[in-house]
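Asks: Structure below; questions to follow.
Number of protein chains: 2
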Amino acid sequence: MTATRRLAAILAADVVGYSRLMGTDEEGTLERLKEHRRELIDPKIAEHRGRIVKTTGDGVLIEFPSVVDAVRCAVEVQRGMAERNAAIPVERRIELRIGINLGDIITDDDDIYGDGVNVAARLEALAHPGGICISRVVRDQVRDKLDFAFEDMGEQIVKNIARPVRVYRVEPNIGAGAILPGETAAMPDLAISERPSIAVLPFQNMSNDPEQEYFV
Amino acid sequence: MTATRRLAAILAADVVGYSRLMGTDEEGTLERLKEHRRELIDPKIAEHRGRIVKTTGDGVLIEFPSVVDAVRCAVEVQRGMAERNAAIPVERRIELRIGINLGDIITDDDDIYGDGVNVAARLEALAHPGGICISRVVRDQVRDKLDFAFEDMGEQIVKNIARPVRVYRVEPNIGAGAILPGETAAMPDLAISERPSIAVLPFQNMSNDPEQEYFV
């Protein structure tokens, strides 16, 4: 097979704290990882037509023909992992970090090469446990097709990549209409906050009884 | 076949002034167009693994698996057309306008759909006769892989597309290192100019003969 180019979405994922997990419980960790793959991850990859290019001990590199499908797959995997982890003690949880990029990659003998692949691995390293980081080109392609919000993490310098990469964090539980920090500098007070907030709304006396007026 | 998504480079091309050409010489125009296709355009599409999705009287829509290959194909076609046209009287010349976009498109029964396709057609309409216009996402993917310059034409509002599209003109005869108008406002004097320029370089006397010194 000769080297050819093709457009692809590249998803890089790895297990957070893999060495620590293996150090604590080698067989148990491998067993749980295999279970997550068999019951959740591999079926989701297949459903979205992903191809596993290679696996390392704690990581996997997957190629998708569609970037919309790649982001959908990542969100469904992270949601599924969160559900599966809910009942497991924190120290035994397997959590994933995922990075997704889009690139005109070089393929040769089933392996893939190029900056597009390297950037995916760097995006993955920037993700929180259970989180997904994507590049600007991915955000631009999926923003009008998926109802997730994308938080701008600004330009990041990544190792061995000449140009800075604009990074976005996928917020699968916030709709695309929400206003995220940094999205509109003019409306900072509307930014989503993790602190609880209290809304005070005026009541209206909807009864015909004027005695109820004191509620208002 | 069911509808699926895939990343593709979409190239839209049309013949400039097709109605005028057909009005002047219907049979001659069709004959010359067929000749250009047979001898130049179709072989170039095949060489770069393009797939002709559809042709209209004066236009063609082509899909490429790689956006680098799509831009290479467009440049080679436009260079070839310029060479072939050089010996033909201006009023009989067939000239092409080309637009290239990248998108996560929907494919169904060999046809392709989506904003990614519509934008390619709009980019084509913005190109000069013999020229190539590309979107920002195409520029970003090919800028480090092809030695062409890309002139920023700014954001353009295009029909039926909600967001403005950043458009670049491909300058195949200027290397990527060249500074184009608008690229760096701080160095306007270094902009490529079509006027001839003269460089004055100091000579050095490399002989052992001091009598040659007067050259220096």
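Going down the list, the protein sequences come from chains A and B. Heads up, the first sequence stops at 1573 in the working numbering, and the numbers go up one at a time, no gaps. Heads up, the second sequence stops at 1573 in the working numbering, and the numbers go up one at a time, no gaps. Ideal Cβ positions, reconstructed from N, Cα and C, are used throughout, including at glycine.
If the cut-off is 8 Å on Cβ atoms, which residues from the region 1449-1464 of chain A count as contacting chain B, listed in chain order?
Replies: L1459, G1460, D1461
Asks: Could you tell me which chain B residues have their CB closer than 8 Å to the CB of A/V1425, listed as they occur along the chain?
Replies: Residue 1425 of chain A sits at position 68 when you count from the first residue of the first sequence. Correct list: R1362, D1461.
Asks: Helix, strand or coil for B/I1455? Go by DSSP, reduced to three states.
Replies: Locating residue 1455 of chain B in the second sequence gives position 98, where the first residue counts as 1. B/I1455 falls in the strand class under three-state DSSP.
Asks: Buried or exposed: where does B/Y1525 fall if 16 or more other Cβ atoms within 10 Å of its Cβ makes it buried?
Replies: In the second sequence, the residue the question calls residue 1525 of chain B occupies position 168. Buried is the call here.
Asks: Identify the continuous beta strand (DSSP E) that holds A/E1528 and give its terminal residues.
Replies: As a position in the first sequence, residue 1528 of chain A is number 171, starting the count at 1. Where A/E1528 is concerned, the enclosing beta strand (DSSP E) stretches over 1522-1528.
Asks: Regarding A/A1443 and the ligand NAD, is the C-beta to nearest heavy atom distance less than 6 Å?
Replies: Summarising the ligand content, the structure contains no ligands, and the ligand NAD is consequently not present.
Asks: Classify A/A1543 as buried or exposed, calling it buried when 16 or more other Cβ atoms lie within 10 Å of its own Cβ.
Replies: Here residue 1543 of chain A is taken as the residue at index 186 of the first sequence, counted from 1. The predicted model places A/A1543 with a pLDDT of 37, which falls under 50 and marks its position as unreliable, so this point remains unresolved.
Asks: Would the region 1426-1441 of chain A count as touching the region 1404-1415 of chain A if we require 3 or more Cβ pairs under 8 Å?
Replies: The region 1426-1441 of chain A, when compared against the region 1404-1415 of chain A, does touch it at the 8 Å Cβ threshold.
Asks: Quick one: which chain B residues come within Cβ less than 7 Å of A/A1366?
Replies: Along the first sequence, one-based indexing puts residue 1366 of chain A at 9. Here the neighbours are L1364.
Asks: Counting contacts by CB-CB distance shorter than 7 Å, is A/Q1498 in contact with chain B?
Replies: Mapped onto the first sequence, residue 1498 of chain A falls at position 141. A/Q1498 counts as touching chain B.
Asks: Which one of A/L1368, A/I1455, A/E1392 has the shortest CA to CA distance from A/E1420?
Replies: For the purposes of this step, residue 1420 of chain A is taken as residue 63 along the first sequence, with counting starting at 1. When only C-alpha atoms are compared, the closest one is A/L1368.
Asks: Let's see if you can read the secondary structure: which residues bound the alpha helix (DSSP H) around B/D1497?
Replies: The sequence position of residue 1497 of chain B within the second sequence is 140, counting from 1. Secondary structure note for B/D1497: its alpha helix (DSSP H) is the uninterrupted segment 1493-1499.
Asks: To test your reading of the DSSP string, which unbroken alpha helix (DSSP H) runs of 4 or more residues are found completely within the region 1395-1481 of chain A?
Replies: Secondary structure within the region 1395-1481 of chain A: the alpha helix (DSSP H) runs of 4 or more consecutive residues, fully enclosed, are 1399-1404, 1424-1442 (chain order).
Asks: Can you tell me where the alpha helix (DSSP H) with A/G1511 in it begins and where it stops?
Replies: As a first step, residue 1511 of chain A is located in the first sequence; it is residue number 154 there, counting from the start. Not the alpha helix (DSSP H): A/G1511 falls in the beta strand (DSSP E), residues 1506-1513.
Asks: Between the Cα of A/D1487 and those of A/V1410, A/P1422, A/E1528, A/M1379, spot the shortest distance and give me the residue it belongs to.
Replies: Translated into the one-based positions of the first sequence, residue 1487 of chain A becomes position 130. According to the sequence shown, residue 1487 of chain A is Gly rather than Asp. With distances taken between Cα atoms, A/G1487 lies closest to A/E1528.
Asks: So, is the C-beta of A/Q1513 closer than 7 Å to a C-beta in chain B?
Replies: Against the first sequence, residue 1513 of chain A aligns to sequence position 156. Taking Cβ atoms only, chain B never reaches closer than 7 Å to A/Q1513, which makes this a no.
Asks: How should B/G1460 be labelled, buried or exposed, when 16 other C-beta atoms within 10 angstroms of its C-beta is the threshold for buried?
Replies: Taking the second sequence and counting its residues from 1, one reaches residue 1460 of chain B at position 103. Buried is the call here.
Asks: Closer than 7 Å, CB to CB, is B/V1428 near chain A or not?
Replies: Here residue 1428 of chain B corresponds to residue number 71 of the second sequence, with the count starting at 1. B/V1428 does not count as touching chain A.
Asks: Using a Cβ-Cβ distance under 7 Å, would B/V1522 count as near chain A?
Replies: By one-based count along the second sequence, residue 1522 of chain B stands at place 165. By this cut-off, B/V1522 is not an interface position.
Asks: From the DSSP output, in three-state form, read off B/L1577 for me.
Replies: The question about residue 1577 of chain B has no answer, for chain B in this structure spans 1358 to 1573.
Asks: Among the candidates B/K1401, B/A1366, B/G1532, B/G1471, whose CA atom is the shortest distance from the CA of B/A1360?
Replies: Position 3 of the second sequence holds residue 1360 of chain B. Ranking B/K1401, B/A1366, B/G1532, B/G1471 by Cα distance to B/A1360 puts B/G1471 first.
Asks: Quick one: is B/V1474 near chain A, going by C-beta distance under 7 Å?
Replies: Taking the first residue of the second sequence as position 1, residue 1474 of chain B is located at position 117. No, because no Cβ of chain A sits closer than 7 Å to the Cβ of B/V1474.
Asks: What residue range does the alpha helix (DSSP H) around B/H1393 cover?
Replies: To locate residue 1393 of chain B, count along the second sequence from 1; it is residue 36. Element bounds for B/H1393: 1383-1393.
Asks: Are the beta-carbon atoms belonging to B/C1490 and B/G1456 less than 7 Å from one another?
Replies: Within the second sequence, residue 1490 of chain B is the residue found at index 133, counting from 1. Within the second sequence, residue 1456 of chain B is the residue found at index 99, counting from 1. Cβ atoms of B/C1490 and B/G1456: closer than 7 Å.
Asks: Applying a beta-carbon distance threshold of less than 8 Å, which residues of chain B neighbour A/V1494?
Replies: Position 137 of the first sequence, counted from the start, is the residue given in the question as residue 1494 of chain A. Here the neighbours are V1494, D1497, Q1498.
Asks: Who are the near neighbours of B/H1393 in its chain, counting only those whose CB is closer than 8 Å to its CB and skipping five residues on each side?
Replies: Mapped onto the second sequence, residue 1393 of chain B falls at position 36. Here the set comprises M1438, R1441, I1451.
Asks: For chain A, find out if any of its Cβ atoms is closer than 7 Å to the Cβ of B/P1446; answer yes or no.
Replies: Taking the first residue of the second sequence as position 1, residue 1446 of chain B is located at position 89. Chain A contact via Cβ: absent.
Asks: Write down the C-beta distance between B/S1492 and B/V1476 rounded to the nearest angstrom, noting that I regard them as a contact closer than 8 Å.
Replies: The count along the second sequence starts at 1 and reaches residue 1492 of chain B at position 135. The count along the second sequence starts at 1 and reaches residue 1476 of chain B at position 119. Right, their Cβ atoms sit about 6 Å apart.
Asks: Taking C-beta pairs closer than 7 Å, name the residues in chain B that A/P1422 reaches, listed in chain order.
Replies: On the first sequence, position 65 is the one that residue 1422 of chain A refers to. In chain order: R1363, L1364.
Asks: Between A/V1424, A/Q1498, A/L1453, A/A1365, which lies nearest to A/I1398 when the distance is taken from Cα to Cα?
Replies: Looking up residue 1398 of chain A in the first sequence gives position 41. The candidate whose alpha carbon is nearest that of A/I1398 is A/L1453.
Asks: Going straight from the alpha carbon of A/A1576 to that of B/I1469, what length do you get?
Replies: Since the first residue of chain A shown is 1358 and the last is 1573, residue 1576 of chain A is not available in this structure.
Asks: Taking C-beta to C-beta, are A/R1362 and B/S1423 nearer than 7 Å?
Replies: As a working note, residue 1362 of chain A is residue 5 in the first sequence. As a working note, residue 1423 of chain B is residue 66 in the second sequence. It is a contact, given that the beta carbons lie within the stated cut-off.
Asks: Quick check: B/V1499 and B/V1425, are their CB atoms within less than 7 Å of each other?
Replies: Indexing the second sequence from 1 puts residue 1499 of chain B at position 142. Indexing the second sequence from 1 puts residue 1425 of chain B at position 68. Yes, the pair counts as a contact, with Cβ atoms nearer than the cut-off.
Asks: Taking all protein chains shown into account, do 16 or more other C-beta atoms lie within 10 angstroms of the C-beta of B/T1381, making it buried, or fewer, making it exposed?
Replies: If you number the second sequence from 1, residue 1381 of chain B lands on position 24. B/T1381 is exposed by the Cβ-count criterion.
Asks: Check whether the Cβ atoms of A/D1467 and A/G1416 sit closer than 7 Å, and answer yes or no.
Replies: Start at 1 with the first residue of the first sequence, and residue 1467 of chain A comes out as number 110. Start at 1 with the first residue of the first sequence, and residue 1416 of chain A comes out as number 59. No, the pair does not count as a contact, with Cβ atoms beyond the cut-off.
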